[in-house]
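S.K.:
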Amino acid sequence: MGRKDREQASWVEDTRTEPLDVCVLCGREGEMTDHHLVPKSQGRRQGVKLGEIPTVKMCAACQGFLSKTFSNSQLANELNTVEAIREREEVQKFVKWVQKQPLSRGVRVH
Ligand SMILES: [Zn+2]
Numbered sequence: 334m335g336r337k338d339r340e341q342a343s344w345v346e347d348t349r350t351e352p353l354d355v356c357v358l359c360g361r362e363g364e365m366t367d368h369h370l371v372p373k374s375q376g377r378r379q380g381v382k383l384g385e386i387p388t389v390k391m392c393a394a395c396q397g398f399l400s401k402t403f404s405n406s407q408l409a410n411e412l413n414t415v416e417a418i419r420e421r422e423e424v425q426k427f428v429k430w431v432q433k434q435p436l437s438r439g440v441r442v443h
């Protein structure tokens, strides 16, 4: 009986550990949000439905950096793939810096 109890306990524990998402740019793990590779307003202008815009998992810091550094039309036309974003020198500098920063845990847990 004692052994059965232990088995069940470890099983319950396993289900509580959910896999963490990884940011496509800085590679930090945590709660990520969906980043639309084409800004939603630009997609609408080009007649692309919201559901058809590819998304990637990205942390809030990287998302904020992109929207602050590049215009929506730059993002839509030149930086609409992860590879293109990674090639930018500004991004590489930012990623190097942000990788040393702790990922904010202040986000709401659902
Ligand atoms: Zn990131």
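All residue numbers for the sequence shown refer to the numbering used here, where the first residue is 334 and numbers rise by one. Yeah, the Cβ is synthetic: ideal placement off N, Cα and C, and Gly gets one too.
Check whether the Cβ of residue 370 sits closer than 8 Å to any heavy atom of ligand 1, and report yes or no.
M.R.: Taking the sequence shown and counting its residues from 1, one reaches residue 370 at position 37. Checking every heavy atom of ligand 1 against the Cβ of residue 370, none is found closer than 8 Å.
S.K.: Roughly how many angstroms lie between the CA atoms of residue 433 and residue 392, to the nearest whole one?
M.R.: For the purposes of this step, residue 433 is identified with residue 100 of the sequence shown, where counting begins at 1. For the purposes of this step, residue 392 is identified with residue 59 of the sequence shown, where counting begins at 1. Their backbone Cα atoms lie some 14 Å apart in a straight line.
S.K.: For the beta strand (DSSP E) that contains residue 390, what are its first and last residues?
M.R.: On the sequence shown, position 57 is the one that residue 390 refers to. Per DSSP, residue 390 belongs to the beta strand (DSSP E) from 388 to 391.
S.K.: How many whole angstroms separate the CB atoms of residue 388 and residue 370, which I take to be in contact at a CB cut-off of 8 Å?
M.R.: What you label residue 388 is simply residue 55 of the sequence shown in a count that begins at 1. What you label residue 370 is simply residue 37 of the sequence shown in a count that begins at 1. With a Cβ gap of about 7 Å, residue 388 and residue 370 count as contacting.
S.K.: According to DSSP, is residue 380 part of a helix, a strand, or is it coil?
M.R.: The residue you call residue 380 lines up with position 47 of the sequence shown. Coil.
S.K.: Going by the C-beta, is residue 428 closer than 8 Å to any heavy atom of ligand 1?
M.R.: Here residue 428 refers to the residue found at position 95 when the sequence shown is read from its first residue. Yes.
S.K.: CB residue 367 to CB residue 382, shorter than 9 Å?
M.R.: By 1-based counting over the sequence shown, the position of residue 367 is 34. By 1-based counting over the sequence shown, the position of residue 382 is 49. No; because the gap between Cβ atoms is not below 9 Å, this pair is not in contact.
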